[in-house]
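Just so we're aligned: 882 in my numbering is position 142 of the sequence shown, and the numbers increase by one with no gaps anywhere. No residue lacks a Cβ here, since even glycine has one placed at the ideal position from N, Cα and C. See below for the structure under consideration.
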Amino acid sequence: MKTRPMKIPHMLNEAYDYDKPVPFSRGTRVDIKGIAMLFISGTASVDDQGLSIHQGDLKAQARRMLENVTELLKSEGATWRNVARTTIYLKHMEEHYHDLAQVRFEFFKEQGLEVFPASTCIQATLCRPELLVEMEAIVILENED
């Protein structure tokens, strides 16, 4: 078994490079006997400097979150078709769930998905007060090693 961090410096900096470092990787890749599993950490609407963007706008935050995850997938040769499961953390379930579902549905259709990933949405306090949503993902793909 081999494990290594996933990186996309053009889109997201590393959390341990923040002004106040945080000890986690954006994601890890685990290679096991012909299979690669990607475990994507909670990903939100942050830019390449680690700054929160689209404050107060759930739809824009959700879109950026999905774009950030897309870039993490691409960095490992994966697509949304390889995503087996997502866990979404939403700050205000009653206020924002409908808008989040709409953004996700439109985004998944743009990706050409006919089968959407298994998913759970949980109301939670997020790591920064200005963030409204973040997502984790588990991804499975064939490993060419």
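Residue nearest to residue i in terms of C-alpha spacing, selected from the options
i             : options                        : result
glycine 790   : Asn883, Glu876, Leu871, Val879 : Leu871
aspartate 771 : Glu876, Thr743, Phe779, Ile828 : Thr743
valine 786    : Asn883, Ile880, Arg868         : Arg868
leucine 866   : Thr860, Glu850, Ile828, Glu882 : Ile828
lysine 831    : Glu850, Gln851, Arg804, Cys861 : Cys861
DSSP three-state assignment for residue i, whether helix, strand or coil
i              : result
isoleucine 810 : Here residue 810 is threonine; the residue named in the question, isoleucine, does not match the sequence. Helix, per DSSP.
glycine 790    : coil
arginine 825   : strand
isoleucine 742 : For the record, residue 742 in the displayed sequence is lysine; it is not isoleucine. DSSP places lysine 742 in strand when its eight states are reduced to three.
leucine 866    : coil
glutamate 874  : strand
arginine 804   : helix
CB of residue i within 8 Å of CB of residue j, strictly
i              : j              : result
leucine 840    : valine 873     : yes
alanine 877    : isoleucine 780 : yes
threonine 783  : methionine 875 : yes
methionine 833 : glutamine 863  : yes
arginine 821   : leucine 778    : no
Beta-carbon contacts of residue i that lie in its chain and below 6 Å, excluding the five residues immediately before and after
i              : result
alanine 802    : Leu840, Val843, Val873
leucine 806    : Phe847
leucine 798    : His836, Asp839, Leu872
methionine 741 : Ile772
Rounded distance between the beta-carbons of residue j and residue i, thought under 8 Å
i             : j            : result
valine 855    : leucine 813  : Contact doesn't hold; Cβ gap of about 16 Å is too wide.
glutamate 816 : arginine 769 : 6 Å
Close Cβ partners of residue i (< 7 Å) along its chain, the five nearest in sequence each way excluded
i           : result
glycine 774 : Glu882, Asn883
alanine 824 : Pro857, Ala858, Ile878, Val879, Ile880
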